[in-house]
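2 protein chains.
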Amino acid sequence: MLSRSKVLIKPSQEQAAELLHYALQNQLLAILACNCKVDYHGRASSRLEWGERLVIIKRDRSLLIHRNTGYEPVNWQPPGCLFHVSFSEGNLLVRAVRKSPHEVVDIFISDLQLAAALELSDYGAFAMYLTEEDMKQAVLKNPFLIEEGFQPITEERSLPTGFVDILGRDSKGNLVVVELKRESADREAIIQLYRYVEHLRKGNPSVRGIIAAPKITKSAHILLKALKLEFKQLTPEVCSKYVKRGEGEPLKSLT
Amino acid sequence: MLSRSKVLIKPSQEQAAELLHYALQNQLLAILACNCKVDYHGRASSRLEWGERLVIIKRDRSLLIHRNTGYEPVNWQPPGCLFHVSFSEGNLLVRAVRKSPHEVVDIFISDLQLAAALELSDYGAFAMYLTEEDMKQAVLKNPFLIEEGFQPITEERSLPTGFVDILGRDSKGNLVVVELKRESADREAIIQLYRYVEHLRKGNPSVRGIIAAPKITKSAHILLKALKLEFKQLTPEVCSKYVKRGEGEPLKSLT
DNA sequence: GCCTAGGTCCCGTGA
DNA sequence: TCACGGGGCCTAGGC
Numbered sequence: 083m084l085s086r087s088k089v090l091i092k093p094s095q096e097q098a099a100e101l102l103h104y105a106l107q108n109q110l111l112a113i114l115a116c117n118c119k120v121d122y123h124g125r126a127s128s129r130l131e132w133g134e135r136l137v138i139i140k141r142d143r144s145l146l147i148h149r150n151t152g153y154e155p156v157n158w159q160p161p162g163c164l165f166h167v168s169f170s171e172g173n174l175l176v177r178a179v180r181k182s183p184h185e186v187v188d189i190f191i192s193d194l195q196l197a198a199a200l201e202l203s204d205y206g207a208f209a210m211y212l213t214e215e216d217m218k219q220a221v222l223k224n225p226f227l228i229e230e231g232f233q234p235i236t237e238e239r240s241l242p243t244g245f246v247d248i249l250g251r252d253s254k255g256n257l258v259v260v261e262l263k264r265e266s267a268d269r270e271a272i273i274q275l276y277r278y279v280e281h282l283r284k285g286n287p288s289v290r291g292i293i294a295a296p297k298i299t300k301s302a303h304i305l306l307k308a309l310k311l312e313f314k315q316l317t318p319e320v321c322s323k324y325v326k327r328g329e330g331e332p333l334k335s336l337t
Numbered sequence: 083m084l085s086r087s088k089v090l091i092k093p094s095q096e097q098a099a100e101l102l103h104y105a106l107q108n109q110l111l112a113i114l115a116c117n118c119k120v121d122y123h124g125r126a127s128s129r130l131e132w133g134e135r136l137v138i139i140k141r142d143r144s145l146l147i148h149r150n151t152g153y154e155p156v157n158w159q160p161p162g163c164l165f166h167v168s169f170s171e172g173n174l175l176v177r178a179v180r181k182s183p184h185e186v187v188d189i190f191i192s193d194l195q196l197a198a199a200l201e202l203s204d205y206g207a208f209a210m211y212l213t214e215e216d217m218k219q220a221v222l223k224n225p226f227l228i229e230e231g232f233q234p235i236t237e238e239r240s241l242p243t244g245f246v247d248i249l250g251r252d253s254k255g256n257l258v259v260v261e262l263k264r265e266s267a268d269r270e271a272i273i274q275l276y277r278y279v280e281h282l283r284k285g286n287p288s289v290r291g292i293i294a295a296p297k298i299t300k301s302a303h304i305l306l307k308a309l310k311l312e313f314k315q316l317t318p319e320v321c322s323k324y325v326k327r328g329e330g331e332p333l334k335s336l337t
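Sequences listed follow chains L and Z, in order. The first sequence: position 51 = 133 (the numbering used here), numbered continuously. The second sequence: position 217 = 299 (the numbering used here), numbered continuously.
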């Protein structure tokens, strides 16, 4: 399966430049393991002094520069930027330019351990489960997950202040605003919910606001009480039991 | 500089496993270009079907799985997780386990284009400029950037509701809360500022709230007016002129 | 451990 | 294009 892939060990700057051109032209993924320094200017600015890093250019022309530690790239450029490969003061210079916002990453490369152009054939589907959207679908189809007698009115409703996750009525006919959180509800979540509820309460003081989440932070709970909102414990895991995704593939739980 | 680095082209699963052990033992960075499928279970769940990807394990035991497009890894594990390399149903299985929260990534690898263990010697300093912190330092040393006569009281003050960027007094002695934003101030920023101001206004209705940012969104401006808060235009670029970083290295501007 | 806030956040969605 | 909210966000800093 090497097909159009090429790997060079300890290439010269010229060989690496040629490989980069080859990868960019053929929409292959390029990797360089190299000694480099990096300048970035754009929304912010940064300077990375000389050291050995991994430089990755993907076929969608995104750029990642990774150090030997850390989840995050030290410098990067999102997909779609333009690359210029040149030579400058004895170094191989790779410039990645993003149009909007205007941002420039300059990589000065002195020597290389490895350079590779890889053809990665990848059509595999990716599916994510246990998201906030899953919780929403579960509640819409099983309103009792919020409380007995709860009935959603519309799936979502746009208000001047933003969006409501779920709007409904309780068994007594009171308007209920439900805000879903996949993880612990914090103060921001309460404030968000309160914006909606406050707006609706103006014409109707009986409007209820319920935050449905696995748990709630201490300070969020204090705020919740002060604003006369309610908390309903609801986890993505419980919701997943009420929601069929894909071809009904059951979700495995952590063991 | 190859030193302890090793590169294998089209290795067998057994050779790749050996290389992974070697990299993990010697705290080298490991790269695999391989056909794989990936399961993730933890805070959420995901399934990635078979396809060719780049798998990176860093010396701090972080894991990145990159497809041939996109800035973000499709699956990952932050630093510090535990790796188990084994063989399962004809595949090389790499399992990365995170303790807290408990999360598991399973990578099933069928065949490999490339496997490398790289020793990346990297001691280069990284410095970032034009951050919110830079704006703060600039304002603390040059309070007139907010307005004539402004005087910071303390650098930062913790309130029951959170943190204040800068607290000070104006030329008439009124308390002033300043919230800094590096980019356009949105409604969330206004709400955040209002939380502090509202708290302080209870004992002192003359308290002012100023949001200092390059610009402000339309809806944030409306909210600002309604809450009797103020906007002061201030850019990170202007602030950078009043702040010396490192050895006084001047910041280049975009040209 | 929890909680808060920032980020060159990225990314999708909708106006 | 801007604006807004979600994310397995990650990461740093307090407590």
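C-beta atoms are modelled at their ideal positions from N, C-alpha and C, and glycine is treated no differently.
First and last residue of the uninterrupted alpha helix (DSSP H) at residue i
i      : result
Z/S322 : 318-322
L/K88  : Where L/K88 is concerned, there is no enclosing alpha helix (DSSP H), although the beta strand (DSSP E) it sits in stretches over 88-91.
Proximity of residue i and residue j at Cβ, strictly below 9 Å
i      : j      : result
Z/L174 : Z/H166 : no
L/L262 : L/A302 : no
L/I138 : L/L196 : no
L/D121 : L/V186 : yes
Z/R251 : Z/I235 : yes
L/G152 : Z/P161 : yes
Z/T299 : Z/R269 : yes
Z/L146 : Z/L136 : yes
Z/V260 : Z/I304 : no
L/H184 : L/G231 : no
Z/Y324 : L/G133 : no
Z/L106 : Z/L90  : no
Z/L351 : Z/I292 : Chain Z is shown only over 83 to 337; residue 351 of chain Z falls outside these bounds and no answer can be derived.
Z/S266 : Z/K297 : yes
Z/S128 : L/F208 : yes
Z/I345 : Z/N157 : Given that chain Z is displayed from residue 83 to residue 337, the structure contains no residue 345 of chain Z and the question cannot be resolved.
L/N256 : L/R277 : no
CA nearest to the CA of residue i, picked from the options
i      : options                        : result
L/Q109 : L/L146, L/D142, L/P160, L/V221 : L/D142
Z/N286 : Z/Y324, Z/I91, Z/V258, Z/R129  : Z/V258
L/L200 : Z/Y104, Z/A308, Z/N117         : Z/N117
L/T213 : L/G206, L/A207, L/V221         : L/V221
Z/L194 : Z/I272, Z/Q97, Z/P296, Z/I139  : Z/Q97
Z/L111 : Z/H281, Z/K119, Z/G255, Z/L202 : Z/L202
Z/M217 : Z/Q315, Z/L145, Z/E154, Z/Q95  : Z/Q315
Z/F245 : Z/L282, Z/K323, Z/Q159         : Z/L282
L/C163 : L/K92, L/K140, L/K88, L/S127   : L/K140
L/S182 : L/I189, L/D247, L/I191, L/Q159 : L/Q159
Z/Q219 : Z/F190, Z/P318, Z/S192         : Z/P318
Z/D247 : Z/S192, Z/A99, Z/F313, Z/Q274  : Z/Q274
Z/S192 : Z/L306, Z/K92, Z/F313, Z/S85   : Z/K92
L/A126 : Z/S288, Z/R277, Z/L249, Z/E215 : Z/E215
Z/H103 : Z/K119, Z/G172, Z/A198, Z/S85  : Z/A198
L/K254 : L/K119, L/P155, L/R177, L/S288 : L/S288
Residue i: first and last residue of the uninterrupted beta strand (DSSP E) it sits in
i      : result
L/K223 : Note, L/K223: premise wrong, no beta strand (DSSP E); alpha helix (DSSP H) at 214-223.
L/N104 : As written in the sequence, residue 104 of chain L is Tyr, which differs from the Asn given in the question. No beta strand (DSSP E) contains L/Y104, which is instead part of the alpha helix (DSSP H) from 95-107.
L/G133 : 127-139
Z/V120 : 111-123
Z/I147 : 145-148
Z/A209 : 208-211
Heavy atom of the ligand PLP within 8 Å of residue i beta-carbon
i      : result
L/A271 : Annotation note on the ligand PLP: not contained in the displayed structure, which lists no ligands.
- Which runs of the beta strand (DSSP E) fall wholly inside the stretch 164-190 of chain Z and span at least 3 residues, in chain order? DSSP runs (the beta strand (DSSP E)) wholly in the stretch 164-190 of chain Z: 164-170, 173-180.
- Message: Which residues of the stretch 309-323 of chain Z have a Cβ closer than 9 Å to any Cβ of chain L? Give them in chain order.
- Response: P318, S322
- Using a Cβ cut-off of 7 Å, which residues of the stretch 156-181 of chain L contact any Cβ in chain Z, in chain order? Answer set for the stretch 156-181 of chain L: V156, W158, P160, P161.
- Every unbroken alpha helix (DSSP H) inside the stretch 241-318 of chain Z [4 residues or more]: Whole alpha helix (DSSP H) segments, 4+ residues: 269-283, 300-308.
- Cβ-based contacts, 7 Å cut-off: residues of the stretch 202-221 of chain Z near chain L: Sequence-ordered contacts of the stretch 202-221 of chain Z with chain L read L202, S203, D204, Y205, G206, A207, F208, A209, M210, Y211, L212, T213 [C-beta pairs closer than 7 Å].
- Output, in sequence order along the chain, the residues in the stretch 123-139 of chain L whose CB is closer than 9 Å to any CB in chain Z. H123, G124, R125, A126, S127, S128, R129, L130, E131, W132, G133, E134, R135, L136, I138
- Query: Taking any Cβ of chain L, which residues in the stretch 289-302 of chain Z have a Cβ under 8 Å from it, in chain order?
  - Reply: Listed in sequence order: no entries.
- Task: Pull out every residue of the stretch 89-106 of chain Z whose Cβ sits closer than 9 Å to any Cβ of chain L, in chain order.
- Result: V89, I91, K92
- Which residues, in order along the stretch 271-283 of chain Z, keep a beta-carbon less than 7 Å from a beta-carbon of chain L? I273
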